[in-house]
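Q: Numbering (the numbering used here), first residue to last: 3 to 132.
Just passing along the structure, written as structure tokens.
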């Protein structure tokens, strides 16, 4: 596509556009290696949380050696989410978030400045007594 070539020739913009294109190509919905779910994990230490993406829930050797269900979580670096850390986390220590993968990537690339909307849970009104 001619627009891709044009974007890739503009200094600085080519880095940003290239990263987004690479992410889009690698993690499009038709890809077998796509991110599955946005999660919150304690990383890089207890008490500090990072946004990550579950990439796999199957690793027979890890499951056998840890004797617990472990998920693969990719924790991308900011602002370039094409690099990051692959951590294996017990499923019980992963908090699944409601945000979409696209919103998760935007959140990371924007350094947390673009936070996806989160509607508060509906208020439960107690029944009226007559």
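Just so you know, even glycine gets a beta-carbon here, dropped at the ideal spot from N, CA and C.
Exposed or buried, residue 68, counting other C-beta atoms within 10 Å across all chains shown (16 or more means buried)?
A: Result: exposed.
Q: Sorted by chain position, which residues of the same chain lie with C-beta nearer than 7 Å to residue 86's C-beta, five sequence neighbours on each side aside?
A: Taken in chain order, the residues that qualify are 76, 77, 78, 79.
Q: Exposed or buried, which one is residue 83 when buried takes at least 16 other CB atoms within 10 Å?
A: Per the 10 Å Cβ criterion, buried.
Q: So residue 106 and residue 40 are in contact, right, with Cβ under 8 Å, and what is the actual spacing, rounded?
A: About 4 Å separates the two Cβ atoms, so the contact holds.
Q: Taking its Cβ as the centre, do 16 or more other Cβ atoms sit within 10 Å of residue 53, making it buried, or is it exposed?
A: Under this definition residue 53 is a buried residue.
Q: Hey, residue 74 and residue 97 are a contact pair by Cβ (cut 8 Å); roughly how many whole angstroms apart?
A: Actually they are not in contact, since the Cβ atoms of residue 74 and residue 97 sit about 16 Å apart, beyond 8 Å.
Q: At which residues does the alpha helix (DSSP H) containing residue 106 begin and terminate?
A: Unbroken alpha helix (DSSP H) run through residue 106: 103 to 111.
Q: The beta strand (DSSP E) spanning residue 39 covers which residue range?
A: Per DSSP, residue 39 belongs to the beta strand (DSSP E) from 39 to 44.
Q: Identify the residues that DSSP records as bridge partners of residue 131: which are they?
A: Answer is none; residue 131 lacks a bridge partner.
Q: Rounded C-beta distance between residue 93 and residue 72? I'm assuming under 8 Å.
A: Confirmed, Cβ separation roughly 7 Å.
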